[in-house]
Amino acid sequence: MSTATATDRSEAPQQRSLLSRTSHFLTLPAVGPLLALLLACVYFSVRTDRFLTGANLSLIVQQVMVVGALAVGQTLVILTAGIDLSNGAVMALGSIFMTKLAVSSGMPGVLAILIGIAVCTAFGALNGTLVTMAKLPPFIVTLGTWNIAFALTHVYSKDQTVTGLPKSLTFLGQTFPMYNTDVTYGSVLMLVLFAVAWYVLRQTAAGRHVYAVGDNREAARLTGIPDRRLLLTVYTVAGAVYGIAALLLVGRTSVGDPQAGQTDNLDSITAVVLGGISLFGGRGSIVGALCGALIVGVIRNGLQLTGVPSIYQVLITGILVIVAVSVDQLARRKGRA
Amino acid sequence: MKRDIWTSSRRRTGAIVAIAALSLVAAGCGKGAKGSSSGGEITVGLITKTDTNPFFVKMKEGAQKEAQAKGVKLMTAAGKFDGDNASQVTAVENMIAAGVKGILITPSDTKAIVPSLEKARAKGIEVIALDTPPEPQSSADALFATNNLNAGILIGKYAKASFGSKPAKIAMLDLAPGISVGVLRHNGFLQGFGIKQGDPSIACQQDTQGDQAKGQTAMENCLQKAPDINLVYTINEPAALGAYTALKSAGKEKNVMIVSVDGGCTGVKAVQSGQIAATSQQYPLKMASQGVDSVVDFAKGGKKASGYTDTGLNLITNKAQPGVDSKDVQFGLANCWG
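And the structure:
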C-alpha cells in the first residue's frame with residue numbers, strides 16, 4: 001500500500017506474526033473511524049451512566065438513520081470521484097411527494113411511497129445524465145439540482161407541513177423489542193442498506209468497477225469498463241437510496257416537512273469523509289461511512305447527556321472533518337512518493 | 338518488527354491522530370459538565386430555533402441566570418437554521434434520555450415538532466413552549482409568549498394616530514407564508530390601523546424571512562412598484578433596517594414612517610436615531626426565566642403549568658402619540674435584548 005511498507009516488508013518477507021497481522025488489520029480503511037467511534041463511546045460511558053444503555057444506543061442509531069441512508073448514496077457517488085450536493089433536497093422532495101399524495105390525494109400508502117422513491121430516482125438519473133452526457137462537473141450539476149429540488153419542494157408543498165399521516169407511511173418509525181430494548185424498524189433498514197452496499201462494492205464486478213472508475217476513469221475505460229453507463233447507474237441508484245432515506249425521514253418525524261434536509265447534503269458528506277473515504281474517489285470502505293455517521297450521532301448525544309451546549313458538537317465535527325481529510329491527503333502524498 | 342508497526346501504517350498514524358484529537362476536544366469540552374449524571378438534581382432543557390439570533394441568545398441568558406438562582410441544571414440545544422425541525426426532534430429525544438424534568442422550546446416547525454413533544458409528555462416531562470406555540474397549542478403543557486396580535490395592533494394604532502387623516506400608502510414586509518408569528522403581527526397591524534386585508538392603501542406586500550438583506554431587496558422592489566409609499570410595516574427590526582437602507586439610497590428616508598416589532602437593542606437604537614418610528618418590544622428573557630421557574634415548581638410540587646401566559650409588550654418610541662400607550666427609548670434600551 002505504500003513504498004515505506006514495501007521496504008519494511010522486504011526486510012522480513014512473508015513473516016505473518018501476530019504483530020504484523022495486527023498491523024495489517026490497522027491498515028484497513030474503516031479501522032481508524034471505527035476506533036474513533038469506540039473511543040468516543042468509551043469516553044461518554046465514563047462521563048455519564050445514561051450513555052451506555054440499550055435504549056440510548058438504539059436512540060443514537062435511530063437519530064442517524066436518515067443521514068446514514070443518505071451517506072450510502074453519497075458514498076457511491078464519492079467513490080466515483082463525484083459529489084452529490086442535491087441529496088438532502090431530493091430526499092425532502094421525495095418525502096413531500098409521499099406524504100402529500102397519501103394525505104391530500106388519499107392515495108394508498110404503498111403507491112405514494114413508490115412514487116416518492118421514483119421522483120428521487122428520477123433526480124438521481126438526471127444528475128447522472130448531466131454528468132455523463134453533458135459532461136458537466138458533478139459539483140455544478142448537483143448544485144443545480146439541489147436548488148431545483150429545494151424549489152419544487154416548496155412549490156409543491158406550498159410551504160405547509162403535511163400532518164396526519166397514515167400508518168403505512170410512518171411504520172419505519174415504529175419500534176420492536178429486542179433484548180428488552182426498543183429498536184426502530186428504520187434503524188434496521190439503514191443497516192440493511194449499508195450491508196447491501198458493502199456486499200455489492202466488495203463482492204461484485206460492478207462494485208469493483210466503481211472503485212476503478214473513481215481511481216482512474218481513463219484507465220478504467222481502457223480496460224473495457226463502460227464508464228459512462230456505470231456512472232449513470234451509480235447516480236440513479238444513489239437517487240433511489242435517497243428515496244428510501246425520504247421514507248426513513250417520514251417515519252422518523254411522522255410529518256412531511258418542506259424545511260427538512262437543508263443541511264443533510266453536507267452532513268452526509270461529513271459522514272463519508274469522517275469514514276475515511278477519499279473525496280478524490282476510488283478509496284475507502286462504506287463501513288467507514290456508517291462509522292462516520294455514528295460518530296456524529298454519538299458526539300451529539302453524548303455531549304447533550306453531559307450537558308454541553310449543542311454548538312460544541314458542530315465545533316468538534318468541524319475539527320474531525322479536517323483531521324480526517326488531512327489523514328487522507330497524507331496517505332495520498334506518501335502513496336505517490 | 339517493532340519498527341514495522343510504528344512506521345508502516347499511515348492509516349494507523351491517521352487513526353491515532355484522529356483519536357488523540359477527539360479525546361483532547363472531548364476532554365476540553367466536557368470540563369463544565371462534571372457531575373451531570375448525579376441523581377436527584379433537577380435538570381431543565383432549553384431548545385431554541387437557532388444559537389445565533391440575539392433573541393434566543395437573550396432567552397438562553399435568562400434561563401441560565403434563573404437556573405443558577407434556583408440551583409438547577411440547564412441543558413441547551415438549538416437547530417442549525419430557522420426551520421430546522423430535525424435537530425429539534427433530536428434534541429428533545431436526547432433530553433428525554435438525559436432525564437430532564439421539563440423542556441422549554443421555541444418550535445421551528447410548529448406542526449412537525451408535535452409528535453416529539455407528545456413523546457416527552459408521555460414520559461411525564463413538562464413541556465413549555467416559549468415565544469411560538471406549537472400547532473395544536475395543546476401539544477405543550479403551557480405557552481409563555483408575547484401576544485403577537487397585540488404587538489401588531491400597537492404599531493398599527495401608533496401609525497394611525499400619527500397619520501390621522503393623511504392618506505397612507507403602505508408597504509408590508511412580512512415573514513414567510515404560513516408562519517403564525519408573521520400572520521398574527523400582520524393581522525394585528527391591519528386591525529390597529531383600522532383596515533382590512535386587500536385595502537387599496539396596501540401598495541405592496543413582500544416576504545423577508547425577517548432578514549435584513551432580504552428586507553432591503555423587498556423594499557427596493559416595493560419602491561419600484563409604488564414610489565409614493567409613506568408607511569412601512571416590518572415583521573422585525575432587521576427587516577426594518579433593511580427597508581431603511583433601501584429608502585435612504587432612494588432618498589426617501591425622511592418622508593416614510595417605519596414601524597416594527599421586537600425591541601432588540603439594535604432596533605431600539607434605530608428608534609433613538611429616528612430610523613424606526615416605533616417598535617413593539619417583547620421580552621424573551623422573561624419567557625425563559627418564567628419557564629425555568631415553572632419547571633422547578635413542577636419538580637418540587639408536582640404541578641404543571643398550563644394555558645397561556647402573556648410575557649408582556651411595550652411600544653417604544655420617542656414621538657409618543659396621544660391615545661397610544663408607549664415608553665421612551667431610555668426604557669427600551671434598559672430592557673432590550675441582543
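Protein chains in written order, with our numbering: chain A, 1 to 337; chain B, 338 to 675. By construction, the Cβ of each residue, glycine as well, lies at the ideal position given by its N, Cα and C atoms.
With a cut-off of 8 Å, does the C-beta of B/F418 fall near any C-beta of chain A?
-> Within the second sequence, numbered from 1, the residue matching residue 418 of chain B stands at position 81. Chain A contact via Cβ: present.
Could you list which residues in chain B have their beta carbon closer than 8 Å to that of A/P177, in chain order?
-> Within the first sequence, residue 177 of chain A is the residue found at index 177, counting from 1. Those within 8 Å of A/P177 in chain B number zero; the least Cβ separation is about 17 Å.
Examine chain A for any beta-carbon lying closer than 8 Å to the beta-carbon of B/V708, and answer yes or no.
-> Residue 708 of chain B cannot be examined here, being either before or after the span of chain B that is shown, 338 to 675.
State the beta-bridge partners of B/K664 as determined by DSSP.
-> Residue 664 of chain B sits at position 327 when you count from the first residue of the second sequence. The partner list for B/K664 (beta bridge, DSSP) reads B/I653.
Just curious, the beta strand (DSSP E) that A/F176 is in, first and last residue?
-> Along the first sequence, read from residue 1 onward, the residue named residue 176 of chain A stands at position 176. That run of the beta strand (DSSP E) goes T175 to M178.
A/V188: CB within 7 Å of a non-hydrogen atom of the ligand HEM | In terms of ligand content, the structure shown is empty, and the ligand HEM therefore cannot be addressed.
On the three-state DSSP scale, how would you describe A/K167?
-> Sequence index remark: in the first sequence, residue 167 of chain A carries index 167 (1-based). In this structure, A/K167 counts as helix in the three-state DSSP scheme.
Starting from B/Q655, find everything on chain A with Cβ-Cβ shorter than 9 Å and list it in chain order.
-> Here residue 655 of chain B refers to the residue found at position 318 when the second sequence is read from its first residue. It is worth fixing the name first, because residue 655 of chain B is Asn in this sequence and not Gln. Those do not exist, as B/N655 stays about 37 Å from chain A at its closest Cβ, beyond 9 Å.
Using the beta-carbon count (16 or more within 10 Å), is A/D257 buried or exposed?
-> To locate residue 257 of chain A, count along the first sequence from 1; it is residue 257. Looking at its Cβ environment, which holds 16 or more other Cβ atoms inside 10 Å, A/D257 is buried.
Tell me, please, whether the CB atom of A/L59 is closer than 8 Å to any CB atom in chain B?
-> By 1-based counting over the first sequence, the position of residue 59 of chain A is 59. Judged by the 8 Å Cβ criterion, A/L59 is in contact with chain B.
Pull up the distance between the alpha-carbon of B/K368 and that of A/P108, whole angstroms please.
-> Counting from 1 along the second sequence, the entry for residue 368 of chain B is found at position 31. Counting from 1 along the first sequence, the entry for residue 108 of chain A is found at position 108. Residue confidence for B/K368 is low, a pLDDT of 40 falling below 50, so the modelled location carries little weight; the figure read from the coordinates is stated next. Distance between the alpha carbons of B/K368 and A/P108: 52 Å.
Spell out whether any CB of chain B is found under 8 Å from the CB atom of A/D84.
-> Working through the first sequence from its first residue, we reach residue 84 of chain A at position 84. For A/D84, the answer is no, since every Cβ of chain B falls outside 8 Å of its Cβ.
Might you give, ordered along the chain, the residues of its own chain that have their beta carbon closer than 7 Å to the beta carbon of B/S445, omitting 5 neighbours on each side?
-> Here residue 445 of chain B refers to the residue found at position 108 when the second sequence is read from its first residue. Excluding positions up to five away in sequence, the list reads K386, G416, D419, G420, D421, N422 and Q425.
Three or more beta-carbon pairs under 8 Å between the segment 156 to 164 of chain A and the segment 506 to 518 of chain B, yes or no?
-> yes
For A/M133, which option in A/L76, A/R228, A/A195 and A/V64 has the closest C-alpha, if you only look at C-alpha atoms?
-> Within the first sequence, the letter at position 133 stands for residue 133 of chain A. The shortest C-alpha separation from A/M133 is found at A/R228.
The segment 89 to 123 of chain A: positions lying closer than 7 Å to chain D by Cβ = In the displayed structure, chain D is absent; the protein chains listed are A and B.
Please confirm whether A/V273 and A/V325 have their CB atoms less than 8 Å apart.
-> Against the first sequence, residue 273 of chain A aligns to sequence position 273. Against the first sequence, residue 325 of chain A aligns to sequence position 325. Result yes, Cβ atoms of A/V273 and A/V325 sit closer than 8 Å.
DSSP-derived helix/strand/coil call for B/Q542 = What you label residue 542 of chain B is simply residue 205 of the second sequence in a count that begins at 1. Reduced to three states, the DSSP call for B/Q542 is strand.
To the nearest angstrom, report how far apart B/F526 and B/D544 are at their CA atoms.
-> In the second sequence, the residue the question calls residue 526 of chain B occupies position 189. In the second sequence, the residue the question calls residue 544 of chain B occupies position 207. B/F526 and B/D544: Cα-Cα distance of roughly 16 Å.
Closest Cβ-Cβ distance between A/N301 and chain B: below 8 Å?
-> Within the first sequence, the letter at position 301 stands for residue 301 of chain A. Yes, A/N301 counts as interfacial toward chain B.
B/Y570 - containing beta strand (DSSP E), residue span = What you label residue 570 of chain B is simply residue 233 of the second sequence in a count that begins at 1. Start and end: L568 to T571.
Is the distance from the Cβ of A/N87 to the Cβ of A/D215 below 8 Å?
-> The residue labelled residue 87 of chain A in the question sits at position 87 within the first sequence. The residue labelled residue 215 of chain A in the question sits at position 215 within the first sequence. No, Cβ-Cβ distance for A/N87 and A/D215 is not below 8 Å.
Grab me the residues of A/A245's own chain with a C-beta within less than 6 Å of its C-beta, minus the 5 sequence neighbours each way, in chain order.
-> Indexing the first sequence from 1 puts residue 245 of chain A at position 245. V66, A69, L70 and M91, listed in sequence order.
Enumerate in chain order the residues of its own chain whose CB-to-CB distance from B/G365 is below 8 Å, with the five nearest sequence positions on each side excluded.
-> Position 28 of the second sequence holds residue 365 of chain B. Here B/G365 scores only 45 on pLDDT, less than 50, and its place in the model should not be relied on; the value that follows carries that caveat. For B/G365, where only same-chain residues beyond five positions count, there are no Cβ hits under 8 Å.
Determine whether the Cβ of B/N422 lies closer than 8 Å to any Cβ atom of chain A.
-> Taking the first residue of the second sequence as position 1, residue 422 of chain B is located at position 85. For B/N422, the answer is yes, since a Cβ of chain A falls inside 8 Å of its Cβ.
In chain order, what residues of the same chain have a beta carbon less than 8 Å from the beta carbon of A/T153, not counting five sequence neighbours either side?
-> Residue mapping note: residue 153 of chain A aligns to position 153 of the first sequence, counting from 1. Here the set comprises A89, A92, L93, I96 and P258.
Residues that DSSP places opposite A/G288 in a beta bridge = Taking the first sequence and counting its residues from 1, the one referred to as residue 288 of chain A is at position 288. Answer is none; A/G288 lacks a bridge partner.
Short check: CB of A/G275 to CB of A/A30, under 8 Å?
-> Translated into positions along the first sequence, residue 275 of chain A becomes position 275. Translated into positions along the first sequence, residue 30 of chain A becomes position 30. Cβ atoms of A/G275 and A/A30: closer than 8 Å.
Under 8 Å Cβ-Cβ, which residues of chain A neighbour B/V426?
-> Here residue 426 of chain B corresponds to residue number 89 of the second sequence, with the count starting at 1. Simply R252 and T253.
According to the Cβ coordinates, are B/A607 and B/E574 closer than 8 Å?
-> For the purposes of this step, residue 607 of chain B is taken as the residue at position 270 of the second sequence. For the purposes of this step, residue 574 of chain B is taken as the residue at position 237 of the second sequence. Result yes, Cβ atoms of B/A607 and B/E574 sit closer than 8 Å.
Mind checking if B/T413 is an interface residue toward chain A, Cβ cutoff 8 Å exclusive?
-> As a position in the second sequence, residue 413 of chain B is number 76, starting the count at 1. Closer than 8 Å to some Cβ of chain A, the Cβ of B/T413 qualifies, so yes.
Please go through the segment 584 to 643 of chain B and give each complete alpha helix (DSSP H) segment of 4 or more residues, from N-terminal end onward.
-> 602 to 609 and 621 to 638
DSSP beta-bridge partners for B/Y645?
-> As a position in the second sequence, residue 645 of chain B is number 308, starting the count at 1. In DSSP, B/Y645 forms a bridge with B/L480.
Where the segment 130 to 159 of chain A meets chain B: residues whose CB sits under 8 Å from a CB there = K158 and D159
For A/G68, does the three-state DSSP call read helix, strand or coil?
-> As a first step, residue 68 of chain A is located in the first sequence; it is residue number 68 there, counting from the start. Note: A/G68 maps to helix in three-state DSSP.
How many angstroms separate the CA atom of B/L652 from the CA atom of B/A488?
-> Locating residue 652 of chain B in the second sequence gives position 315, where the first residue counts as 1. Locating residue 488 of chain B in the second sequence gives position 151, where the first residue counts as 1. Straight-line Cα distance between these residues: approximately 8 Å.
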